[in-house]
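> Here it is, the structure, as structure tokens.
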Amino acid sequence: MEVNEQKQEKKLLDLYSYCGGMYIGMCIGADVCCVKLVTKWTVDLNRYACDSLKVNHPKSDVRNESAEDFLLVGDEDVEDDDDSAVDDGGSYDNDEGEYFEVEEILEVSYGDPKEIKKVDLYLKVHWKGYDLDEDT
Numbered sequence: 001m002e003v004n005e006q007k008q009e010k011k012l013l014d015l016y017s018y019c020g021g022m023y024i025g026m027c028i029g030a031d032v033c034c035v036k037l038v039t040k041w042t043v044d045l046n047r048y049a050c051d052s053l054k055v056n057h058p059k060s061d062v063r064n065e066s067a068e069d070f071l072l073v074g075d076e077d078v079e080d081d082d083d084s085a086v087d088d089g090g091s092y093d094n095d096e097g098e099y100f101e102v103e104e105i106l107e108v109s110y111g112d113p114k115e116i117k118k119v120d121l122y123l124k125v126h127w128k129g130y131d132l133d134e135d136t
């Protein structure tokens with residue numbers, strides 16, 4: 001009897017990528033829940049670890065930089081670039097009363113890709129129910 005399990009695929013940002021088997025444990029746990037973890041992005045400060053990651057995960061975006069930079073971003077105040085209001089309670093104030101659901105995070109970038117002298121974490125997002133040309 002052949003069992004055909006369809007696993008849901010989830011993308012993974014792996015910080016401290018080669019720190020000692022955490023990724024393997026996460027994959028085993030996800031597999032039990034019929035989820036396939038795919039390493040989409042990896043970050044490690046060790047150049048040799050990054051070389052190994054590039055060989056073992058050729059479809060991953062491997063970054064040779066400090067994972068601490070990614071972790072510190074969460075501690076910074078959020079600044080809103082599109083003039084949408086965020087109240088002190090942290091809730092999003094949208095004039096139209098609409099809520100937008102993230103379907104998939106397509107890219108992760110830390111740095112200054114807009115060259116505005118502001119280092120930050122940037123995500124490229126595909127919104128659920130919207131076309132690819134509306135990704136932000």
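The opening residue of the sequence shown carries number 1 in UniProt numbering; numbering runs sequentially from there.
From the three backbone atoms N, C-alpha and C, an ideal C-beta is built for every residue, glycine too.
How is Tyr-130 classed by DSSP in three states: helix, strand or coil?
coil
> Taking Lys-40 and Leu-12 to be in contact with their CB atoms under 8 Å, please state how far apart those CB atoms are, rounded to whole angstroms.
6 Å
> Could you give the distance in angstroms between the alpha-carbon of Glu-115 and the alpha-carbon of Asp-133?
23 Å
> In three-state DSSP terms, what is Gly-12?
Position check: residue 12 holds Leu in this sequence, whereas Gly was assumed. Three-state DSSP puts Leu-12 in a strand.
> What is the DSSP secondary structure of Asn-64, counted as helix, strand or coil?
If DSSP states are grouped into helix, strand and coil, Asn-64 belongs with the strands.
> Quick check on the DSSP output: the alpha helix (DSSP H) that includes Lys-54 runs from which residue to which?
47–56
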